[in-house]
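Asker: Reading the sequence shown from the start, the letters are residues 655 to 985 in the numbering used here.
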Amino acid sequence: MPFYGGNELSQVYDKALEEDFGLVASNIAESDVMMGLMEGAASVDSDLLLQMSAGACRFAGNGDAEAGLRAMGNYIETISEQYDIGVFLNMDHQTDMEFIEMQVESDIPSSIMIDASHEDFEENIRQSKKVVDMVEEKDADILVEAELGQIKGVEDEIVAEEAFYTDPDDAVEFVERTGADLLAISVGTQHGVAKGKDLELRPDLTSEISETLADHGLEIPLVLHGTSGLQPAQVEDMMGRGICKMNKDTRYQYEYTRTLFDHYLDHKDEIVPPEGVEDQRDSFYNDTEWSPNKDHFDPRVGGRLVRERIAEVHADLAELSGSAGNSMFPK
Numbered sequence: 655m656p657f658y659g660g661n662e663l664s665q666v667y668d669k670a671l672e673e674d675f676g677l678v679a680s681n682i683a684e685s686d687v688m689m690g691l692m693e694g695a696a697s698v699d700s701d702l703l704l705q706m707s708a709g710a711c712r713f714a715g716n717g718d719a720e721a722g723l724r725a726m727g728n729y730i731e732t733i734s735e736q737y738d739i740g741v742f743l744n745m746d747h748q749t750d751m752e753f754i755e756m757q758v759e760s761d762i763p764s765s766i767m768i769d770a771s772h773e774d775f776e777e778n779i780r781q782s783k784k785v786v787d788m789v790e791e792k793d794a795d796i797l798v799e800a801e802l803g804q805i806k807g808v809e810d811e812i813v814a815e816e817a818f819y820t821d822p823d824d825a826v827e828f829v830e831r832t833g834a835d836l837l838a839i840s841v842g843t844q845h846g847v848a849k850g851k852d853l854e855l856r857p858d859l860t861s862e863i864s865e866t867l868a869d870h871g872l873e874i875p876l877v878l879h880g881t882s883g884l885q886p887a888q889v890e891d892m893m894g895r896g897i898c899k900m901n902k903d904t905r906y907q908y909e910y911t912r913t914l915f916d917h918y919l920d921h922k923d924e925i926v927p928p929e930g931v932e933d934q935r936d937s938f939y940n941d942t943e944w945s946p947n948k949d950h951f952d953p954r955v956g957g958r959l960v961r962e963r964i965a966e967v968h969a970d971l972a973e974l975s976g977s978a979g980n981s982m983f984p985k
């Protein structure tokens, strides 16, 4: 079954660390983006890491996050069987312990990201370790990702930009005390506690964090959030510095809407009545000579275009991150 759990995902990360590549963790909330991502990853022989936020789960579940996760989990499992790659699901930026406990008990996700990065250092450790302990107690096949942004000891009134970079020594203490399997770090991308700050991308700091962790026997994958604004050369550079997972969400959202916008704009005259023709949507234009063209307004037409575009985008990103050609789960 190509929809795998934490043990197989850990194997992928081990290979990524050894060979300097990363997985593009791609957020989904509905089926068209999901299927486009699967097609794109398979086209370049890359394993695929899907992501869902709590908000995406609520959207998929008509307001019920648990229902949304179960529905999308079944969807992912069923469709992934069509492809000869490993497919994984990470729960992105989770803060609700009750919902996290449901995820652990369901054993649906391959990994869970507990996000307590907005808390102080000690509280971040406490919440992150709680999730690690929860997974261990349930013996769930799930990895745990945690995030460390602000450095230890920084008070709310301190506004120095340096405070929003992850400190290498703090990273060592954080991983040792939490037991997290992956660590999301703040090195200058616009995300989380650092969002809106005037930070420069710090590849050197990324290397320092990775090397400091390794010096303490903690060779764990590092995660880069907020990557939508990075240039291709910057992404490639980061993959050789211990980054094994980079998150993408905004890019897919834009591609989704832009693809539909361009299609509908190109065929506006076949979807929207021209000037002088009454907009008889209720009677579906029975009393007019003009009528809309189903070849362009059928949702499946736009859906296929979205899938094709998302597949193209993800294939390019997989090439960029180095995961293309590196699937560990061929037929």
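The beta carbon of each residue, even a glycine, is placed where N, CA and C say it ideally should be.
#1: Between which two residues does the beta strand (DSSP E) carrying Gln705 extend?
#2: To which residues of the same chain is Asp674 closer than 7 Å at the C-beta, ignoring the five residues directly before and after it?
#3: Taking 8 Å as the cut-off, decide whether the C-beta atoms of Leu836 and Lys899 are in contact.
#4: Please state whether the Cβ-Cβ distance between Asn980 and Lys669 is less than 8 Å.
#5: Taking the C-alpha atoms as reference points, what is the distance between Val798 and Val785?
#6: Between Glu811 and Asp774, what straight-line distance do the alpha-carbon atoms span, to the nearest angstrom?
#7: Can you tell me whether Arg912 is buried or exposed? The criterion is at least 16 other CB atoms within 10 Å of its CB, across all chains shown.
#8: With a threshold of 7 Å on Cβ separation, who are the neighbours of Asp891 within its own chain once the five nearest residues in sequence on each side are excluded?
#9: Applying the 10 Å Cβ sphere with the 16-neighbour rule, what's the burial state of Asn940?
#10: At what residues does the beta strand (DSSP E) containing Met767 begin and finish?
#11: Which partner residues does Lys902 have in the DSSP bridge list?
#12: Kindly examine the ligand NAP and report whether one of its heavy atoms sits closer than 7 Å to the Cβ of His772.
#13: Hey, could you find the ends of the beta strand (DSSP E) Leu884 is sitting in?
#14: Could you tell me the distance, in whole angstroms, from the CA atom of Thr860 to the CA atom of Thr866?
#15: In chain order, what residues of the same chain have a beta carbon less than 6 Å from the beta carbon of Val960, not counting five sequence neighbours either side?
Answerer: The relevant details are as follows:
#1: 702-706
#2: Met893, Gly894, Gly976
#3: yes
#4: yes
#5: 7 Å
#6: Caution is warranted here: a pLDDT of 42 is assigned to Glu811, below 50, making its placement in the model unreliable, and the coordinate value is therefore given only provisionally. Their Cα atoms are separated by approximately 13 Å.
#7: When all chains shown are included, Arg912 counts as exposed.
#8: Pro857
#9: exposed
#10: 765-768 is the extent of the beta strand (DSSP E) around Met767.
#11: Ser680
#12: The ligand NAP is not among the ligands present in this structure, which contains no ligands whatsoever.
#13: Counting along the chain, Leu884 falls outside any beta strand (DSSP E), and DSSP gives it neither H nor E.
#14: 10 Å
#15: Asp686, Tyr910, Thr913
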